[in-house]
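K.L.:
Just passing along the structure, written as structure tokens.
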Amino acid sequence: MSQQYYTLAEGCPFASSSTAVLLRNKTGGGLGLLQDTQLIETLAHFSRERIPERVVHAKAVGAYGEFEAVADCSDITSASFLNTAGKKTPLLLRVSTVGPEAGSADTSRDVHGWAMKLYTDEGNLDWVFNNTPVFFIRDPIKFPSMNRSHKRNPQTHLPDVNMFWDFHVGNPEGIHQLLHLFSDRGTPHSIRNINSYSGHTYKFTKEDSSFKYVKIHIKTQQGVKNLTREEATRIAGENPDYYIQDMFEAIERKDYPIWNVYVQIMDPSEAETYRWNIFDMTKVWPHKDFPLRQIGKLTLNRNPQNYFTDIEQAAFSPSTMVPGFAASADPVLQARLFAYPDAARYRLGVNYQQLPTNAAKVPIYCPFERDGKMRFDDNYGGDPNYVNSSLKPTKFYPEVKNVNPNSISLHTEHEKWAGEVSAYTSHITDDDFVQPAELWKVFGRQPGQQDRLVDNLASSIKGVKSSKLRGDVYALFGRVNRDLGAMVQKATEDAIKQSA
Ligand code: NDP
1 MSQQYYTLAE GCPFASSSTA VLLRNKTGGG LGLLQDTQLI ETLAHFSRER IPERVVHAKA
61 VGAYGEFEAV ADCSDITSAS FLNTAGKKTP LLLRVSTVGP EAGSADTSRD VHGWAMKLYT
121 DEGNLDWVFN NTPVFFIRDP IKFPSMNRSH KRNPQTHLPD VNMFWDFHVG NPEGIHQLLH
181 LFSDRGTPHS IRNINSYSGH TYKFTKEDSS FKYVKIHIKT QQGVKNLTRE EATRIAGENP
241 DYYIQDMFEA IERKDYPIWN VYVQIMDPSE AETYRWNIFD MTKVWPHKDF PLRQIGKLTL
301 NRNPQNYFTD IEQAAFSPST MVPGFAASAD PVLQARLFAY PDAARYRLGV NYQQLPTNAA
361 KVPIYCPFER DGKMRFDDNY GGDPNYVNSS LKPTKFYPEV KNVNPNSISL HTEHEKWAGE
421 VSAYTSHITD DDFVQPAELW KVFGRQPGQQ DRLVDNLASS IKGVKSSKLR GDVYALFGRV
481 NRDLGAMVQK ATEDAIKQSA
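For the record, in the sequence shown the residue sitting at position 330 is 330 according to the UniProt record's numbering, with numbers rising by one throughout.
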């Protein structure tokens with residue numbers, strides 16, 4: 001780059017970047033002139049440097065790496081990246097908090113979004129997961145309101161625990177996720193020390209159109225490690241970018257973090273009679289019913305060259321899928337399949353898939369998607385922009401590669417649906433408290449963990465002004481376990497008395 005010299009954006013060289021063209025007089029002042037393109041262009045570009053922040057998942061750590069299949073998984077999926085032991089696939093990972101804004105503290109107590117793009121040899125596969133195995137809601141219509149209740153009060157612009165707890169009292173199916181959020185794992189030690197989970201049920205599909213339901217688990221080889229609430233609060237003030245720095249420096253010193261990737265596998269026939277609705281994202285599949293099978297491992301080994309182009313412009317969606325991997329009928333997943341690319345089209349523009357960090361590493365030929373703002377490839381030149389052209393017929397993968405058409409089907413054709421259109425809302429039953437009660441017992445395996453959960457909850461609930469709402473929150477936790485409800489009540493009311 002020794003020949004590199006300063007220019008304006010269209011290549012015109014300037015002898016100096018520090019001059020302004022002014023109409024001057026002897027008083028020392030000067031009037032700016034429209035002909036000063038350097039000044040005008042620089043100011044105008046500066047004003048446009050920001051793109052819309054993600055409404056959720058704004059603050060994130062990102063890095064590149066690779067996925068390695070540890071076995072031939074062709075008995076359960078036709079996915080090419082899983083069909084040979086040792087096969088490597090490049091990837092991009094972006095791990096974020098959910099509610100807080102782009103400038104917020106990494107160590108804020110929050111769920112952590114795990115967005116991963118696998119650049120496979122059959123196109124991109126995005127895994128858009130969380131570091132918790134369950135989610136707050138199972139009805140898609142609640143998606144925006146749940147996220148908003150975790151953000152700022154519309155009047156005061158302050159985070160509002162009244163709104164937060166009011167939402168959760170009214171939508172108690174989130175209790176399982178609340179326990180995860182307020183446990184030690186709500187404040188990870190670093191991104192290198194978290195697990196991640198698909199949460200949703202997905203499908204592994206095969207060439208014969210058969211499929212298995214799967215849940216994916218990604219477990220850290222560095223071990224799960226967490227901060228205490230006090231440590232997380234201190235670090236939030238001292239170094240709000242703690243996780244970004246930790247990951248960047250670990251990769252720079254070649255201390256590459258590694259995760260093992262597992263699946264739980266369920267036959268469709270088992271789903272029909274299973275104790276739990278597998279399309280309800282507030283539930284796990286207990287390990288004893290569906291043990292983990294390892295399919296791969298992933299390593300992060302390359303830092304972004306430029307945070308904006310590599311990470312901020314990255315877009316992930318559960319609808320980005322490869323042959324062998326398919327969506328299930330989880331209604332929240334169905335909504336996300338639409339909402340995520342829709343968000344990317346708004347945030348980045350209709351041609352966001354062409355941006356280098358998002359672009360597939362395989363040839364792309366999608367001549368029905370043309371033009372649009374910021375098109376920066378050849379736009380398929382003179383190829384027809386309609387289907388069934390005899391002038392330039394479109395070829396398809398099975399004929400070019402001479403393979404069975406089913407091998408690349410994203411859908412399971414033989415799946416038959418019969419039903420009726422209805423206004424569906426899920427209802428709360430005692431069953432919704434069974435798995436949270438199991439998790440409360442899991443916390444009990446490690447000394448002090450139940451007490452820390454109670455303490456973390458009390459430190460939030462004590463900010464709720466209404467004693468009636470606080471009572472409803474205690475009752476919510478009491479449905480999980482009577483002791484838990486009583487402990488949360490005592491710790492919270494004691495804290496309120498102490499601060500009075
Ligand atoms: P198991 O006893 O087989 O598994 C419990 C799991 O809980 C562990 O494997 C671990 O998951 C996770 N865990 C351990 N300590 C903590 C902690 N402090 N905070 C959060 N999670 C922790 O039980 P089941 O499979 O029957 O599940 C019991 C409960 O465990 C569930 O209700 C669920 O909330 C929780 N859990 C279950 C998972 C599942 O997919 N079955 C996954 C994660 C949690 P890991 O090894 O993934 O860290």
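Backbone N, C-alpha and C fix where the C-beta goes; we use that ideal spot for every residue, glycine too. Just so you know, these numbers come straight off a predicted model, no measurement behind them.
Report yes if the C-beta of residue 195 is less than 7 Å from at least one heavy atom of the ligand NDP; otherwise report no.
P.N.:
Yes, since a heavy atom of the ligand NDP falls inside the 7 Å radius drawn around the Cβ of residue 195.
K.L.:
What is the rounded straight-line gap between the Cα of residue 436 and the Cα of residue 183?
P.N.:
Computed Cα separation, rounded: 12 Å.
K.L.:
Give me the Cα-Cα distance between residue 337 and residue 320, rounded to the nearest whole angstrom.
P.N.:
Residue 337 and residue 320: Cα-Cα distance of roughly 8 Å.
K.L.:
Can the beta-carbon of residue 314 be found less than 8 Å from the beta-carbon of residue 124?
P.N.:
No.
K.L.:
Distance, Cα to Cα, residue 7 vs residue 17?
P.N.:
Rounded to whole angstroms, residue 7 to residue 17 spans 9 Å at the Cα level.
K.L.:
So residue 128 and residue 110 are supposed to be a Cβ contact under 8 Å. How far apart are they, rounded?
P.N.:
Rounded, the Cβ-Cβ distance is 16 Å, inconsistent with contact.
K.L.:
For the alpha helix (DSSP H) containing residue 488, list its first residue and its last residue.
P.N.:
Unbroken alpha helix (DSSP H) run through residue 488: 482–499.
K.L.:
For the alpha helix (DSSP H) containing residue 177, list its first residue and its last residue.
P.N.:
Run containing residue 177: 175–182, per the alpha helix (DSSP H) assignment.
K.L.:
Consider the Cβ of residue 447: report whether some Cβ of chain C lies at a distance smaller than 8 Å.
P.N.:
As a matter of chain content, chain C is missing from the structure shown, which is built from one protein chain.
K.L.:
Just confirm the distance between the C-beta atoms of residue 243 and residue 299, as a whole number of angstroms; I'd bet it's less than 8 Å.
P.N.:
Between residue 299 and residue 243 the Cβ distance is about 18 Å, and since that is not below 8 Å, they are no contact.
K.L.:
Please name the residue in 380, 160, 75, 261 whose C-alpha comes closest to that of residue 69.
P.N.:
Nearest option by C-alpha distance: 261.
K.L.:
Under 7 Å from any heavy atom of the ligand NDP, does the C-beta of residue 479 make it?
P.N.:
No, Cβ of residue 479 sits at least 7 Å from all heavy atoms of the ligand NDP.
K.L.:
What is the DSSP secondary structure of residue 185, reduced to helix, strand or coil?
P.N.:
Three-state DSSP puts residue 185 in a helix.
K.L.:
Relative to the C-alpha of residue 469, which candidate in 454, 489, 450 has its C-alpha closest?
P.N.:
It is 489.
K.L.:
Which residue spans inside the stretch 265–343 form an unbroken beta strand (DSSP E) run of at least 3?
P.N.:
You should have 293–302, 325–327.
K.L.:
Would you be able to state if there are at least three C-beta pairs under 8 Å between the stretch 416–428 and the stretch 190–208?
P.N.:
Taking 8 Å as the limit for Cβ pairs, the verdict is that the stretch 416–428 does not touch the stretch 190–208.
K.L.:
Just confirm the distance between the C-beta atoms of residue 236 and residue 279, as a whole number of angstroms; I'd bet it's less than 8 Å.
P.N.:
Actually they do not touch by this definition, with Cβ atoms about 36 Å apart.
K.L.:
For the stretch 32–101, which segments carrying the alpha helix (DSSP H) assignment without a break, of at least 4 residues, lie completely within its bounds, in sequence order?
P.N.:
Runs found: 37–47.
K.L.:
Helix or strand or just coil, what does DSSP make of residue 380?
P.N.:
Coil, per DSSP.
K.L.:
If I follow the unbroken beta strand (DSSP E) through residue 26, where does it start and stop?
P.N.:
Neither: residue 26 is in no beta strand (DSSP E) and is coded neither H nor E.
K.L.:
Do residue 535 and residue 93 have their C-beta atoms within less than 8 Å of each other?
P.N.:
Past the edges of the chain, shown from 1 to 500, lies residue 535, and the structure says nothing about it.
K.L.:
From the DSSP output, in three-state form, read off residue 259 for me.
P.N.:
Residue 259 falls in the strand class under three-state DSSP.
K.L.:
Using a Cβ-Cβ cutoff of less than 8 Å, which residues in the same chain neighbour residue 352 once the five nearest sequence positions on both sides are dropped?
P.N.:
Closer than 8 Å at the Cβ level, and outside the excluded window around residue 352, lie 313, 315, 344, 345, 358.
K.L.:
Is any heavy atom of the ligand SAH found at a distance shorter than 7 Å from the C-beta of residue 112?
P.N.:
The ligand SAH is not part of this structure, which contains only the ligand NDP.
K.L.:
Can you check the stretch 397–482 for any alpha helix (DSSP H) of at least 4 residues that lies completely inside it and give the ranges in chain order?
P.N.:
Taking only runs of at least 4 residues, the alpha helix (DSSP H) segments lying wholly in the stretch 397–482 are 397–401, 434–444, 449–461, 467–480.
K.L.:
Identify whether residue 106 lies in helix, strand or coil by the three-state DSSP scheme.
P.N.:
If DSSP states are grouped into helix, strand and coil, residue 106 belongs with coil.
K.L.:
If you follow the alpha helix (DSSP H) that residue 368 is part of, which residue opens it and which one closes it?
P.N.:
No alpha helix (DSSP H) holds residue 368; DSSP gives it neither H nor E.
K.L.:
Within 8 Å, do at least three Cβ pairs link the stretch 444–459 to the stretch 395–403?
P.N.:
No, because fewer than three Cβ pairs between the stretch 395–403 and the stretch 444–459 fall closer than 8 Å, the two stretches do not touch.
K.L.:
For residue 52, collect the residues of the same chain with a Cβ closer than 6 Å to its Cβ; drop the 5 residues on either side in sequence, then sort them by chain order.
P.N.:
Only 347 meet the Cβ criterion.
K.L.:
What did DSSP end up calling residue 124 once you bin it into helix, strand or coil?
P.N.:
Reduced to three states, the DSSP call for residue 124 is strand.
K.L.:
Is there at least one non-hydrogen atom of the ligand NDP closer than 7 Å to the beta-carbon of residue 183?
P.N.:
Answer for residue 183: yes, Cβ within range of the ligand NDP.
K.L.:
Mapping DSSP to helix, strand and coil, what is residue 360?
P.N.:
The answer is coil: DSSP assigns residue 360 none of H, G, I, E or B.
K.L.:
Would you tell me roughly how many angstroms separate the C-alpha atoms of residue 433 and residue 283, rounded to the nearest one?
P.N.:
Near 10 Å, if we compare the C-alpha coordinates of residue 283 and residue 433.
K.L.:
Compare the beta carbon distance of residue 126 and residue 317 with 8 Å and say whether it is the shorter of the two.
P.N.:
Yes. Within cutoff.
K.L.:
Does the beta-carbon of residue 439, which I'm using as the reference point, lie nearer than 7 Å to any heavy atom of the ligand NDP?
P.N.:
Yes, Cβ of residue 439 sits closer than 7 Å to a heavy atom of the ligand NDP.
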